[in-house]
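For reference, the structure is listed below as structure tokens.
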Amino acid sequence: MLLVLSQTLTILSLLIFPALVVGNGVQTRFTNERHESELARTYHKVQSSTSHESSSQRDLSALETNFYTTLRHIRFPNHRIRVKKTVFCDPTVNVYTGYLDVDAGAKHLFFYFFESRDNPDRDDVMMWINGGPGCSSSMGLLMELGPCSIDMNSTSSNGTLWNPYSWNQAANIFFLDQPVGVGFSYADYGESIQTTEEAAKNVHAFITIFFETFTQFSGRPLHLSGESYGGRYLPVFASEIYDQNTIARREGRPELNLQSVIIGNGNTGISTLYPGRYEIECGTAALEKPVQSISNCVRMKTALPRCQKRMQQNCLDQFDLINCRAAIDFCDSEISAGMWASGRNVYDISKMCVGDDLCYDEITLIKEYLDMPKTREVLGVETANNFTACSPEVGVDFGTHMDKYNTPTQFHVAGLLDRGVRILIYAGTYDWQCNWISNKMWVDALEWSGSDEYSRAQWRDWTVRGRVAGEVKATPLLSFATVRGAGHMVPHDKPEESLAMIRKWLKRQNL
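Per mature numbering (1 follows the signal peptide of the UniProt record, and there is no 0): the sequence shown = residues -23 to -1, 1 to 488.
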């Protein structure tokens, strides 16, 4: 899940500090910019400036806090990054926020970047993306794995609390609000991104510009991580990076050192989603006793074969937009309707839903915090829209294009594994929405060069400080781990266990 910030940004004083940097055959332009507020929208206007050349790339830590520095790349004429240092969330590390501007500045994707608490000059780099589609990665930051968490009891002076289990204990980490329209990301004229494949090109441009400009990160291992609809996003994003690396290698250009993809409770294998939901509700895959009524379970069991057959014929064997949509509507009405009507938290069936349909009290407080003028000024937020955790408009756009159904995403996973990219699939056992049974089923059925080795691997417990945290099945390239007692958002429910898992994964150690 993700978060958004909005409200007008106070006008920053005009400071000009440009430089044209040339190094490793890459040209990157730096320009300082002023923010001007115009009613409901704040626009950036690039100021004219002189430039000079330098033989070295810019040091990230040298950025200013009171204006954005603009980064341009000769190979991405339609993209630029505006970034500044800020004082937000974690006072022990360097923190940066900014925008990726796309299509000559018409679309603006907001990001946070936190350096590692351990060894920022050597640690790996990770990007975290929440799901939806349309949910803000600010939720992952302030509710799950970020350096600070929203203060639920109003005991702090600034609205957040230190998170000792943040994943920046082990890595430098980005949080990106994408596609446009998510979180603090916005478009000047209502433009949108409507497919994961389209979004992947912007993510690749963003990472490339950043890594090739700030060469302290060149060659660092890169890990793409996320949850929920991230199970669709991340394999496609990683595939775009890998394919572009192949072109870069052929042309003698720097490559991104893509090492792994990390997916938590992902929506990857659409054909297994509904049988998994049945097992979570009507079996003991999550709780000791089924949570659904016998009559509803009988109805679900009866409908399940028809649901799977219709999906296989119309969504998988041959994609037909109208008939695939009809199949999904049938499956939702016959398999999912009972849980939606139950009042339970579909992200953690051990609890009842509270608040809005996202079911967590934290979300209201995060919205209030990110809507505060002081917070938005510190972050450099431009859009005047109030924060929403998930954008319904983005969800509708992706849904209209049947984004998660028109291409089986597990094919991307198989392609990455066949090319040596490591994959970690983890899942909290209490999640119904993108449940562990569904994920286990598609992983078990995955066809790739190491599938025989994976099928021979044995399940075993994995532990944290002597306590069983879940079960794991692993080969050198593919690992699947359950997290006991966690729901859809594992770092929220089991923060110590999630950090222990990530530490071991980054170090290539067995869970």
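Beta carbons are placed, not taken as given, at the ideal position from N, Cα and C, and that holds for glycine.
Count the other CB atoms within 10 Å of the CB of residue -8; is the residue buried (16 or more) or exposed (fewer)? Taking the sequence shown and counting its residues from 1, the one referred to as residue -8 is at position 16. Only weak support exists for where residue -8 lies, its pLDDT of 24 falling under 50; the value from the coordinates is given anyway. Using a 10 angstroms sphere on the CB of residue -8, the tally of other CB atoms stays under 16, which defines it as exposed.
Would you tell me roughly how many angstroms separate the C-alpha atoms of residue 502 and residue 97, rounded to the nearest one? With the chain represented from -23 up to 488, any question about residue 502 goes unanswered, as that position is not in the structure.
Please classify residue 381: does DSSP put it in a helix, a strand, or coil? The residue given as residue 381 occupies position 404 in the sequence shown. It is coil, neither helix nor strand.
For residue 197, which residues of its own chain have a beta-carbon under 7 Å away from its beta-carbon, when the five flanking residues on both sides are left out? Within the sequence shown, numbered from 1, the residue matching residue 197 stands at position 220. The residues are 101, 102 and 234.
For a quick check, are the C-beta atoms of residue 65 and residue 105 less than 9 Å apart? Position 88 of the sequence shown, counting from 1, holds the residue named residue 65. Position 128 of the sequence shown, counting from 1, holds the residue named residue 105. Their beta carbons are not under 9 Å apart, which means residue 65 does not touch residue 105 by this criterion.
Pick from 219, 157 and 130: whose alpha carbon is nearest that of residue 85? Along the sequence shown, read from residue 1 onward, the residue named residue 85 stands at position 108. Closest option to residue 85, Cα to Cα, is 157.
Sorted by chain position, which residues of the same chain lie with C-beta nearer than 8 Å to residue 222's C-beta, five sequence neighbours on each side aside? Looking up residue 222 in the sequence shown gives position 245. The answer, listed in chain order, is 232, 233 and 235.
Would you call residue 207 buried or exposed, if buried means 16 or more other Cβ atoms sit within 10 Å of its Cβ? Stepping through the sequence shown from its first residue, residue 207 is reached at position 230. Label assigned to residue 207: buried.
Between which residues of its own chain and residue 191 is the CB-CB distance below 6 Å, once the five residues before and five after are set aside? The count along the sequence shown starts at 1 and reaches residue 191 at position 214. Only 37 meet the Cβ criterion.
In the DSSP assignment, find the beta strand (DSSP E) that holds residue 412 and state where it starts and stops. As a first step, residue 412 must be located in the sequence shown, where it is residue number 435. Careful: residue 412 lies outside any beta strand (DSSP E) and carries neither H nor E.
What are the start and end residues of the alpha helix (DSSP H) that includes residue 220? Within the sequence shown, numbered from 1, the residue matching residue 220 stands at position 243. Note, residue 220: alpha helix (DSSP H), 207 to 227.
Count the other C-beta atoms from every protein chain shown that fall within 10 angstroms of the C-beta of residue 351, then say buried if there are 16 or more, exposed otherwise. Position 374 of the sequence shown holds residue 351. It counts as exposed.
Between residue 273 and the rest of its own chain, which residues show a CB-CB distance below 6 Å, the 5 nearest in sequence each way excluded? Indexing the sequence shown from 1 puts residue 273 at position 296. 315, listed in sequence order.
I'd like to know whether the C-beta atoms of residue 150 and residue 137 end up nearer to each other than 9 Å. Along the sequence shown, read from residue 1 onward, the residue named residue 150 stands at position 173. Along the sequence shown, read from residue 1 onward, the residue named residue 137 stands at position 160. Contact: no.
Between the alpha carbons of residue 180 and residue 405, how many angstroms are there, rounded? Along the sequence shown, one-based indexing puts residue 180 at 203. Along the sequence shown, one-based indexing puts residue 405 at 428. Approximately 27 Å, taken between the alpha carbons.
Where do the ends of the alpha helix (DSSP H) carrying residue 74 lie? By 1-based counting over the sequence shown, the position of residue 74 is 97. Premise fails: residue 74 lies in the beta strand (DSSP E), 72 to 79, not in any alpha helix (DSSP H).
Apart from the five residues on each side of it in sequence, which residues of its chain come closer than 7 Å, Cβ to Cβ, to residue 289? Reading the sequence shown from its first residue, position 312 is the one you call residue 289. Excluding sequence neighbours, residue 289 sits near 248.
If we require 3 or more residues per run, which beta strand (DSSP E) segments fall completely within the region 130 to 216? 137 to 139, 149 to 153 and 199 to 205
Residue 386 in three-state terms, based on DSSP: In the sequence shown, the residue the question calls residue 386 occupies position 409. Here residue 386 sits in coil by DSSP.
Quick check for students: name the residue ranges of the beta strand (DSSP E) that lie wholly in the region 39 to 108, counting only runs of 3 or more. 45 to 49, 56 to 63, 72 to 79, 84 to 91 and 102 to 106
Drop a sphere of 10 angstroms on the beta-carbon of residue 116, count the other beta-carbons inside from all chains shown, and report buried for 16 or more, exposed for fewer. Sequence index remark: in the sequence shown, residue 116 carries index 139 (1-based). By the 10 Å Cβ count, residue 116 comes out buried.
Using the C-alpha atoms, what's the distance from residue 82 back to residue 418? Position 441 of the sequence shown holds residue 418. Position 105 of the sequence shown holds residue 82. Cα-Cα distance, rounded: 43 Å.
Going straight from the alpha carbon of residue 239 to that of residue 401, what length do you get? The residue labelled residue 239 in the question sits at position 262 within the sequence shown. The residue labelled residue 401 in the question sits at position 424 within the sequence shown. Rounded to the nearest angstrom, the two C-alpha atoms are 5 Å apart.
How would you call residue 497, buried or exposed, if buried means at least 16 neighbouring beta carbons within 10 angstroms? Absent from the structure is residue 497, since the part of the chain shown begins at -23 and ends at 488.
Per DSSP, residue 364 is paired with what? Position 387 of the sequence shown, counting from 1, holds the residue named residue 364. According to DSSP, residue 364 bridges with nothing at all.
Which of helix, strand or coil does DSSP assign to residue 240? Counting from 1 along the sequence shown, the entry for residue 240 is found at position 263. In the structure shown, residue 240 sits in a strand (DSSP, three-state: E or B).
Considering only DSSP beta bridges, list what residue 112 is partnered with. Indexing the sequence shown from 1 puts residue 112 at position 135. DSSP lists 367 as partners of residue 112.
Under the assumption that residue 466 contacts residue 258 (Cβ atoms under 8 Å), give the Cβ distance between them as a whole number of angstroms. Taking the sequence shown and counting its residues from 1, one reaches residue 466 at position 489. Taking the sequence shown and counting its residues from 1, one reaches residue 258 at position 281. Contact flag wrong, Cβ pair sits at about 20 Å.
Going by other Cβ atoms of all chains shown within 10 Å of its Cβ, with 16 needed for buried, is residue 425 buried or exposed? Locating residue 425 in the sequence shown gives position 448, where the first residue counts as 1. With 16 or more other Cβ atoms within 10 Å, it is buried.
Which term fits residue 120, buried or exposed, when burial requires 16 or more other beta carbons within 10 angstroms of its beta carbon? In the sequence shown, the residue the question calls residue 120 occupies position 143. Counting Cβ neighbours within 10 Å, residue 120 comes out buried, since at least 16 surround it.
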